[in-house]
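Be aware that the sequence shown starts at 19, since it is given in the numbering used here, and climbs by one per residue. Here a beta-carbon is modelled for each residue, glycine too, at the ideal position from N, C-alpha and C. Note that the structure is predicted; figures quoted are calculated from it, not measured. Structure record follows, encoded as C-alpha cells.
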Amino acid sequence: MIGLAFKKKNIKKGIERAVLSDILPYETPPTFSNRQFYDFLVKNNIRINGTKITFENHDPTLKTITKLLFGFCKDNLKKNTIPFKYKISHKENDFRELTIIHPKHQLAVIDFYKKYKELILYYCNVSPFSIRKPVSISKYSYYRGPEYFKSLAYEHDSNSIEEHGKEYEYFSSFFAYKDYSNIYKFYESYKYQRCEKKFEKLFKFDISRCFDSIYSHSISWALINKECVKDYIKDSKKTFGGQFDSLMQRLNHGETNGIVIGPEFSRLFAEIILQKIDLNVFQSLKISGDNIVYKTDYEIFRYIDDYFVFYNDEQVKNKILNEYKNQLINYKLCLNDSKCLLIERPIITGITIAKLSISDLVKNSFPSISSNQEKLNKKYSIYVSANKINTKFKKIIKETNVTYKDIMNYTLACIDRKTIELIDCYCDIEDGKDKEEMTKTLLVLLDFCFFLYNSFPRANATIKLCLILYKIIKFAKIKGNLNSDDKHKLYKKIYDEIFLVIKKNQYNKYAEIETLYLLIALKELGKHYRLTQDKLAEFIGIDLKNSKNSADLSYFTITVLLFYIGNIKRYERLKKVLKEIISRKFDKITKDKMIKVTELTLLLFDIIACPYLDISFKKEILKNYDIEEDNKNNCVVQKIIDGKYCWFTIWEKFDFGKTLETKNIIEGYQS
C-alpha cells in the first residue's frame, strides 16, 4: 500500500536542524531546499561566536566561500540584510508576500534558538487560550522506510526499490507543539465537541493582517512594559525581547512595521505577543466585577491568530470582544471585521457539512473493489461521468454556502486516498477490458482534480495535486502495469491539463510557485511530453529574440527553468537568454549591496553548482564579487561543483515524490 504510515525515531541532530524546519516558508519550489546548507553548517562546524562567524575547516577556499555566503564585513552580524520576498495567491484578488531570509541570518536564528529556547517555551505557555504552542524541544523525526518505496514500485521495478532503499527523514518543527498542529484537528477534537454541548453559540474572529501589522518593538512591550521600555530603551535592547526584536529587524532590512511571513520563527514571535494579549484579556475578565467565569460562562480557543469564543450570553461575548479590541490596540493590532462569524446551536459549520458530502461523492463516484474475492469475480465498471461529478460538487458548494478555498485541501486529500485505492485495485485486475475501464476511471479522476484545482489554484493545493499526479505517473511508468495506449491516455491528459493551467497563469505574477510545481510535474512525464522552447518562453515571459524585453525573472523561476531544460539541445536559445538575464541581475546591483541581497546570494551558489551552465559563465559571475578563478588549487567554482560546499537547488538525484511527501507532512505546522 502507498499509504504506509510514517515512522518516528529519536532526533540525534543538533541545533542546526532548525534550518530544515523553522526557517523556510512552506510554499517554496520543490527543487529548493536547505538540506545542503544544513550539511555545510554541520560539516564545517560553522557557528556564531560572540560577534563573529567561526568555522573549524582550514581549507583555504572555505574562507572565500563563507565570505560569499555570509557577506563578511566589519561588524557583519550587526548589519541588516535584504530578504528575498516573493508573492503567492492568497485570497480572491489578493496575495501574500513570503520571505526567504539571508543565510547569515538563518545562522543567527539558530544561534538565537540555542541561547533562548527555554525562554521561548516559557513565554509561549502563559496564555490559557492558545491551542497551537510549543511545549518542548522535538524529540522525534519522521521517515519513510524502504517498505514504503518498495510499495511505490508495485513489485515490478527492482531498480526503483534499490534507488529508494534508504530512510528519508522529515523534521516537522524544532519545537513539539500542543495541542493541535492543524486547525482542522481542533474541529474534530473532544474540546470542540464538549463546548458544543456546553454552549449555545460560537463566535469566530481573527486579527486583521496580523503579521503585516505587528510592530517589532511590541515584543518588549509584551514581556516588560511599554512605558518602561520607552523610558529605558538602551537597557531593554539587552533583554530577551529586545534581542528578538533586533534579530527580526536585521533579517528584514531594518523594518520595524511588520515581520517576515512564512518561517516558523515568525509565528513564535507573534505567539509570544498574542500570549500576553490573551493573558491580559483573561485577567481583565476575571477582575471585571461582571461575574464572568472562565469555562462556565465562556471558553476561548486561539489557533495562531484565529479565535473561537463559545458562550451563551450576548453580554459575555460583547465584553470579551471589547477586551480584545482594547488589548490589541495597545499593540497596534485590530480585529478583522469582515471575518467575524456567529454560529448558533447546532454548532456545525457549512464546511463540516460540505466535507461529509464530498467524502461520499468521492467514495461513490469512483467505485473500487474491496475484497480479494470480489476482485476475482466482479467485473469493473464506471458509472459516473466527469461532468456529473463536477456538477454534483458544485451543488455541494452552493447548498453549504462554502467557498472552493474552504474545502480545496480536504477534497484533494480525499482524491489522493482514492487514487491509492484505485491503483491498488488496478494491480489486481487481469482482464484487459476491466483494465480499460479502470483507465477511464483514472481519467475521470484527473478531470475532477483539475476542475477542482482550476477553481482556486493556490500553492498548497498545487502540492496536493502534484502528489496525486506523481502517484499516477509513477504507476504508469513501471513496465507491466499499463499498455502503451493506456499510459499515453493518462500522460496526455496530465500534459493537456497542465498546459492549460500554465497558459492561463502566464500573466499572473502571483502564480509563480504554482507554475513551477506544474513544470516539474511535466518533466516527470518524460521527453515526449515536454513543452516546446517557444511555448515555455512565452509562458514564463521570455523574449527569445531580445532578452532585454523579457520579464524580470525571480531566483525561483530561473533555477527551476534551468532544472527543467537541463542540457537538452532544443532549449539552447532559451538557456542563452537565461544567462543574459542572470548577468543583468548581478550587474544592476552595487558590489557593497550585493552581499546583503538574499536573492543574489542564493542565485550565486546555485549558478556555480548548476551542472547545466558552463564554467566560463560561472567565473564571469564571480567577478562581480572581485574573485578571479586562476588558481586551480583554490578554485571556488570547482569546490562547489564537487559538492563539498553548499547550494540550495537540488540539481541532481532529485526525487519529486520524496519532496512532495516532505511538504505533505509539514503542511499542518505551516497552517
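Distance, residue j Cα to residue i Cα
i	j	result
Ser154	Ser145	16 Å
Phe319	Lys294	14 Å
Thr367	Ile361	7 Å
Ile538	Phe217	49 Å
Lys313	Lys157	33 Å
Phe581	Trp669	7 Å
Ile369	Ile425	7 Å
Asp230	Asn275	7 Å
Ile613	Phe90	8 Å
Lys676	Leu359	39 Å
Tyr643	Asn478	37 Å
Asp324	Asp308	26 Å
Asp552	Ile586	14 Å
Pro152	Ser238	20 Å
Leu95	Ile71	8 Å
Leu620	Phe574	10 Å
Asp249	Ala240	15 Å
Val334	Tyr316	8 Å
Ile225	Asn382	40 Å
Glu699	Pro385	Limits of the chain in this structure are 19 at one end and 689 at the other, which puts residue 699 out of reach.
Ala569	Glu515	25 Å
Ile83	Asp263	29 Å
Gln261	Asn330	43 Å
Glu341	Ile242	20 Å
Pro475	Glu532	7 Å
Tyr134	Lys636	40 Å
Ser306	Phe73	56 Å
Leu536	Lys413	28 Å
Thr418	Ile338	29 Å
Ser377	Thr421	16 Å
Leu137	Gln301	22 Å
Asn336	Lys522	46 Å
Asn682	Val519	22 Å
Proximal residues to residue i (C-beta, below 7 Å), its chain only, five neighbours per side dropped
i	result
Tyr172	Because Tyr172 carries a pLDDT of 45, less than 50, the predicted location of this residue cannot be relied on, and no value is offered for it.
Met266	Ser234, Ile277, Phe287
Leu38	Asn52, Arg53, Tyr56, Phe189
His123	Thr99, Arg268, Leu269
Asp434	Lys482, Leu485, Ile486
Phe674	Pro48, Tyr488, Ile538, Glu542
Leu579	Ile558, Leu596
Pro629	Trp669, Glu670
Ser565	Val595, Glu598, Ile599
Asn298	Gln345
Opening and closing residue of the alpha helix (DSSP H) in which residue i lies
i	result
Lys614	Premise fails: Lys614 is in no alpha helix (DSSP H) and is neither H nor E.
Ser264	258-268
Asp378	368-383
Lys70	It is not in any alpha helix (DSSP H) - Lys70 instead sits in the beta strand (DSSP E) that spans 70-72.
Leu580	573-583
Beta-carbon proximity list for residue i, same chain, < 8 Å, skipping 5 on both sides
i	result
Lys343	Cys352, Leu353
Leu543	Ile491, Tyr509, Ile512, Tyr513
Thr616	Thr99, Ile100, Pro101, Phe102, Ile118, Ile119, His120, Pro121
Leu562	Gln551, Asp552, Ala555, Arg591, Leu592, Val595
Glu273	Ser234, Gln267
Beta-carbon separation (whole angstroms), residue i vs residue j, contact threshold 8 Å
i	j	result
Leu440	Thr459	6 Å
Tyr321	Arg150	5 Å
Ala208	Ser572	Reading off the sequence, residue 208 comes out as Tyr, not Ala. Not quite, the Cβ-Cβ distance comes to about 45 Å (not below 8 Å), so this is no contact.
Tyr525	Ser107	Wrong, their Cβ atoms sit about 13 Å apart, outside the cutoff.
Leu470	Thr429	6 Å
Thr639	Phe604	Checking the displayed sequence, the identity of residue 639 turns out to be Ile instead of Thr. Rounded, the Cβ-Cβ distance is 6 Å, consistent with contact.
Lys222	Phe326	6 Å
Ile291	Ser375	The Cβ separation is near 39 Å, so there is no contact.
Host beta strand (DSSP E) of residue i (start-end)
i	result
Thr695	For the chain, the structure presents residues 19 to 689; residue 695 sits outside this window and is missing.
Arg65	65-67
Pro152	150-155
Ser107	102-107
Residues of its chain near residue i, where Cβ-Cβ distance is below 6 Å and the 5 sequence neighbours each way are ignored
i	result
Ile365	Glu214, Leu220
Phe283	Asp40, Val127
Gly280	Pro43, Leu116, Thr117
Lys255	none
Leu461	Lys511
Lys657	Thr79, Tyr663
Val60	Glu34
Asp504	Thr457
Give, in chain order, every unbroken run of the beta strand (DSSP E) that is at least 3 residues long and sits entirely within the region 300-344. 316-321, 324-329
Report the start-end ranges of each alpha helix (DSSP H) in the region 198-269 that is 4 residues or longer and not cut off at the edges. 201-205, 208-216, 228-231, 236-241, 244-249, 251-254, 258-268
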